[in-house]
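K.L.:
Residue numbers (the numbering used here), protein chains in the order written: chain A, 1 to 299; chain B, 300 to 721.
Set out below in structure tokens:
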């Protein structure tokens, strides 16, 4: 049961095609990463899901119904360009957004207080927004997105600009929402976060999906052709015919095998020449997959 | 599409209102605007009274009776407070002496009249400072009055007869109502009243309209409107903001009126409000004024918001300020026609045409008496409401699409494309 589904969506601006024939779907209880370099079409795709721009062709469904703005009451949206009313007090601001999403004043107040406690900003509730640091404002915006307990959470670059502590706080909150059965979509160009958090991804470049599906499936599609060896003794095994490329950093070697190169043969050879402390066959990181698929460096 | 949500609209209006009312700008302008007005009124009253006063003037004429006559008329004008000395019949030496005194500043001006018996007397006024308008008017009137007296006298009329012939009258203007009754003279009142009303109508509409535009740009530059667009329809957002800013305007005007009533009851402003300029408002005007004010505010503010939606910063908006001044130009350009004849075709058209109606209709009604042209009123109101709707429709589209155009101001072809696109 997809919570949000895009089918063959295309959107062009003047001379450039921002999104071309994009299809993806996100289930309840799934964390979905929308990946891609800057300008790939992530924000445009998200804006189409939110009805801010309309697709030129293709179909968008929310909660199994064709797109309807009424469904947006069940969506929490954190745009990439964040903004808050600077002169407003934090609590008033949160209550205002809660009310716009259909909450009563009392309910909005209570939830704002609960979330503030959880995000460790209770002291800030009576302050004016402009008096707060950027990180604090970002947490407030995050709360505003989630106050009405949306079934779908859409966040455009949610971690940009956050320090590691707040990043963890936010990640934990998202994981908890996921365990409550919410569908979560976020965009990022940071692979490590996606790798850690997401069940499924869609990698887009120049407006086109070049890789999409469940994380495990994607990774299993790529060969495990990288080996890390920690050793003491002769490094001559690095000349082996199984190896395409090797970097030796004084006892720590990063090796790329030839296509269909046999890791077991290499292990035997290495063990015969040196003392092996670690021999690990590494699955490709998302970053490597990304670079392979895009054929260039991510920005 | 999601249906309009009055609840969201009111929430947005309330937020806008509370934020503005609590802001420092509101407190400052509430105090400063009337203070500035009182100051300006004070300055103009002061300078008006002082203009050309207390000057020492010499009249050098070839005829003693003429000099005395001119001196009498000049002294007659108490507000001028002249000191006048005469030299008549004056010789060339007298004139040279007096002119020397003007140069060494023991005299402010010298009026010389030669060949007074001829058809073209030679009249000159010598002073150190040129161009005092009031002085010129007063001297002109006095000299012409004196010469007229002199000529009539020479043709055999006695001074009493001359007095009856040249006596000036002031005209009492009377208003005839539909039932044929004549009302009490209003004199200059319609002029003051129409000017006052046009002023009262234009200035706040402009001020709050620009305020609205600024508020839109703030939302764009603080990037909040993408969040807003994901929770509310653009026309709900715009209408809500219009209601909020409009309510702020009405609150401010209510405070000013209350303060004016209090001040006038302390008799400080009583001479100003009830003495020299007496302005009466009928019940109809009292009802129409706020109605047209609100509709006018809505129309112009919606228009300004549409413009603001295409701008990136307050600087971009500067470009459109001349456009914003158009209502003021038009209304003041129409004022003379209105005062001349409130039923002339141009004035009627202007009072119905939506862009000028808010500024022209109320002063126009103020100059008419019953029966009022009800169908024109109804038509003008209907057109106004319709055009507000249309302008909000356009503005909210621009507002929604403006989001895609961060970083640059839209050109006209782009604007047209935006409208089609959304």
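Ideal Cβ placement from N, Cα and C applies to all residues, glycine included.
Treat the numbers as computed from the prediction; the structure is a model and nothing was measured.
With DSSP run on the structure shown, which of helix, strand or coil describes residue 173/A?
P.N.:
What you label residue 173/A is simply residue 173 of the first chain in a count that begins at 1. In the structure shown, residue 173/A sits in a helix (DSSP, three-state: H, G or I).
K.L.:
State the Cα-Cα distance for the pair residue 10/A and residue 54/A, rounded to the nearest angstrom.
P.N.:
Residue numbering aside, residue 10/A sits at position 10 when the first chain is read from its first letter. Residue numbering aside, residue 54/A sits at position 54 when the first chain is read from its first letter. Each residue's alpha carbon lies about 10 Å from the other.
K.L.:
Using DSSP with H/G/I as helix, E/B as strand and the rest coil, what is residue 491/B?
P.N.:
For the purposes of this step, residue 491/B is taken as residue 192 along the second chain, with counting starting at 1. Reduced to three states, the DSSP call for residue 491/B is helix.
K.L.:
Quick check on the DSSP output: what are the complete alpha helix (DSSP H) runs of length 4 or more inside the region 167-247 of chain A, in order along the chain?
P.N.:
191-197, 215-221, all fully within the region 167-247 of chain A.
K.L.:
Can you check DSSP and say which residues form a bridge with residue 131/A?
P.N.:
Sequence index remark: in the first chain, residue 131/A carries index 131 (1-based). DSSP, once it has assigned bridges, lists no residue as partnering residue 131/A.
K.L.:
Alpha helix (DSSP H) containing residue 265/A: first to last residue?
P.N.:
Stepping through the first chain from its first residue, residue 265/A is reached at position 265. Its alpha helix (DSSP H) spans residues 263-273.
K.L.:
Could I get the ranges of all uninterrupted beta strand (DSSP E) runs contained in the region 497-563 of chain B, with 3 residues as the minimum, in chain order?
P.N.:
Counting whole runs of 3 or more residues, the region 497-563 of chain B contains no beta strand (DSSP E) stretch at all.
K.L.:
Where do the N-terminal and C-terminal ends of the beta strand (DSSP E) with residue 256/A fall, by residue?
P.N.:
Counted from its first residue, the first chain places residue 256/A at position 256. Per DSSP, residue 256/A belongs to the beta strand (DSSP E) from 252-257.
K.L.:
Between residue 46/A and residue 187/A, how many whole angstroms is the CB-CB distance? I'm expecting something under 8 Å.
P.N.:
For the purposes of this step, residue 46/A is taken as the residue at position 46 of the first chain. For the purposes of this step, residue 187/A is taken as the residue at position 187 of the first chain. Rounded, the Cβ-Cβ distance is 6 Å, consistent with contact.
K.L.:
Leaving out five residues on either side along the sequence, give the residues of the same chain with a beta carbon under 7 Å from the beta carbon of residue 386/B.
P.N.:
Taking the second chain and counting its residues from 1, the one referred to as residue 386/B is at position 87. Hits under 7 Å: 357, 359, 393, 397.
K.L.:
Quick check on residue 249/A - is its C-beta less than 8 Å from some C-beta in chain B?
P.N.:
On the first chain, residue 249/A is found 249 positions in, with the first residue counted as 1. No, residue 249/A does not count as interfacial toward chain B.
K.L.:
Take residue 21/A as the anchor and find which of 12/A, 28/A, 27/A, 29/A has the nearest alpha-carbon.
P.N.:
Your numbering for residue 21/A matches position 21 in the first chain. Measuring from the Cα of residue 21/A, the nearest candidate turns out to be 12/A.
K.L.:
Which same chain residues end up closer than 6 Å to residue 531/B when comparing Cβ atoms and leaving out the 5 residues on each side of it in sequence?
P.N.:
Translated into the one-based positions of the second chain, residue 531/B becomes position 232. Closer than 6 Å at Cβ, skipping near neighbours: 307.
K.L.:
Residues of chain A with a CB under 8 Å from the CB of residue 531/B: which are they?
P.N.:
As a position in the second chain, residue 531/B is number 232, starting the count at 1. The contacting residues are 100.
K.L.:
With three or more C-beta pairs closer than 8 Å as the rule, is the region 602-615 of chain B touching the region 668-683 of chain B?
P.N.:
No: fewer than three Cβ pairs fall under 8 Å.
K.L.:
Run through chain A and tell me which residues come within less than 7 Å of residue 314/B, C-beta to C-beta.
P.N.:
The residue given as residue 314/B occupies position 15 in the second chain. Residues of chain A passing the Cβ test: 96.
K.L.:
Does the beta carbon of residue 695/B come closer than 8 Å to any beta carbon on chain A?
P.N.:
The sequence position of residue 695/B within the second chain is 396, counting from 1. Not one chain A Cβ lies under 8 Å of residue 695/B.
K.L.:
Please report the straight-line C-alpha distance between residue 320/B and residue 624/B, rounded to a whole angstrom.
P.N.:
For the purposes of this step, residue 320/B is taken as the residue at position 21 of the second chain. For the purposes of this step, residue 624/B is taken as the residue at position 325 of the second chain. Looking at the two C-alpha atoms, the distance is approximately 26 Å.
K.L.:
Is DSSP giving residue 482/B helix, strand or coil here?
P.N.:
Sequence index remark: in the second chain, residue 482/B carries index 183 (1-based). The pLDDT assigned to residue 482/B is 48, lower than 50, so where the model puts this residue is not dependable; a value taken from the coordinates is nonetheless given after this. Coil at residue 482/B, not helix or strand.
K.L.:
Kindly list the residues whose CB is nearer than 6 Å to the CB of residue 633/B, restricted to its own chain and excluding five residues on each side of it in sequence; keep chain order.
P.N.:
By 1-based counting over the second chain, the position of residue 633/B is 334. Hits under 6 Å: 649, 659.
K.L.:
Residue 82/A touches chain B at which residues, Cβ-Cβ below 7 Å?
P.N.:
Taking the first chain and counting its residues from 1, the one referred to as residue 82/A is at position 82. Here the neighbours are 522.
K.L.:
Leaving out five residues on either side along the sequence, give the residues of the same chain with a beta carbon under 8 Å from the beta carbon of residue 233/A.
P.N.:
Locating residue 233/A in the first chain gives position 233, where the first residue counts as 1. The answer, listed in chain order, is 273, 274, 275.
K.L.:
Is it true that the region 503-517 of chain B meets the region 535-547 of chain B, where meeting means three or more beta-carbon pairs spaced less than 8 Å apart?
P.N.:
Contact between the region 503-517 of chain B and the region 535-547 of chain B is present, because at least three Cβ pairs lie under 8 Å.
K.L.:
Drop a sphere of 10 angstroms on the beta-carbon of residue 181/A, count the other beta-carbons inside from all chains shown, and report buried for 16 or more, exposed for fewer.
P.N.:
Your numbering for residue 181/A matches position 181 in the first chain. By the 10 Å Cβ count, residue 181/A comes out exposed.
K.L.:
Based on Cα-Cα distance, which residue from 294/A, 287/A, 88/A lies nearest to residue 129/A?
P.N.:
Along the first chain, read from residue 1 onward, the residue named residue 129/A stands at position 129. Out of 294/A, 287/A, 88/A, 88/A has the C-alpha closest to the C-alpha of residue 129/A.
K.L.:
Leaving out the 5 sequence neighbours to the left and right, which residues in its chain are closer than 6 Å to residue 448/B when beta-carbon positions are compared?
P.N.:
Numbered from 1 along the second chain, position 149 holds the residue referred to as residue 448/B. For residue 448/B, where only same-chain residues beyond five positions count, the Cβ hits under 6 Å are 368, 461.
K.L.:
CB residue 63/A to CB residue 8/A, shorter than 8 Å?
P.N.:
Locating residue 63/A in the first chain gives position 63, where the first residue counts as 1. Locating residue 8/A in the first chain gives position 8, where the first residue counts as 1. No, they are not a contact pair.
K.L.:
Measure from the alpha carbon of residue 376/B to the alpha carbon of each residue in 643/B, 353/B, 363/B, then state which is nearest.
P.N.:
On the second chain, position 77 is the one that residue 376/B refers to. Residue 376/B has its Cα closest to that of 353/B, out of 643/B, 353/B, 363/B.
K.L.:
Thinking residue 139/A and residue 121/A are a contact (beta carbons under 8 Å), I'd like their distance in whole angstroms, please.
P.N.:
In the first chain, counting from the first residue as 1, residue 139/A sits at position 139. In the first chain, counting from the first residue as 1, residue 121/A sits at position 121. That pair is a contact at about 6 Å.
K.L.:
If we ignore side chains and look at the alpha-carbon of each, how far apart do residue 97/A and residue 518/B end up?
P.N.:
If you number the first chain from 1, residue 97/A lands on position 97. If you number the second chain from 1, residue 518/B lands on position 219. For residue 97/A and residue 518/B, the distance between alpha carbons rounds to 15 Å.
K.L.:
Where does the unbroken alpha helix (DSSP H) through residue 49/A begin, and where does it stop?
P.N.:
Taking the first residue of the first chain as 1, we reach residue 49/A at position 49. It spans 42-49 - the alpha helix (DSSP H) in which residue 49/A sits, taken as one unbroken run.
K.L.:
With H, G and I counted as helix, E and B as strand and the rest as coil, what does DSSP make of residue 145/A?
P.N.:
Taking the first residue of the first chain as position 1, residue 145/A is located at position 145. Residue 145/A: helix per DSSP, three-state reduction.
K.L.:
Between residue 423/B and residue 442/B, what straight-line distance do the alpha-carbon atoms span, to the nearest angstrom?
P.N.:
Within the second chain, residue 423/B is the residue found at index 124, counting from 1. Within the second chain, residue 442/B is the residue found at index 143, counting from 1. Straight-line Cα distance between these residues: approximately 11 Å.
K.L.:
So for residue 313/B, helix, strand or coil by DSSP?
P.N.:
Within the second chain, residue 313/B is the residue found at index 14, counting from 1. Of the three classes helix, strand and coil, the one that applies to residue 313/B here is helix, per DSSP.
K.L.:
If you measure beta-carbon to beta-carbon, which residues of the region 44-58 of chain A are closer than 7 Å to chain B?
P.N.:
Taking 7 Å as the Cβ-Cβ cut-off against chain B, the residues of the region 44-58 of chain A that qualify are 50, 52, 53.
K.L.:
Can you tell me the Cα-Cα spacing of residue 439/B and residue 338/B, whole angstroms?
P.N.:
On the second chain, position 140 is the one that residue 439/B refers to. On the second chain, position 39 is the one that residue 338/B refers to. Looking at the two C-alpha atoms, the distance is approximately 32 Å.
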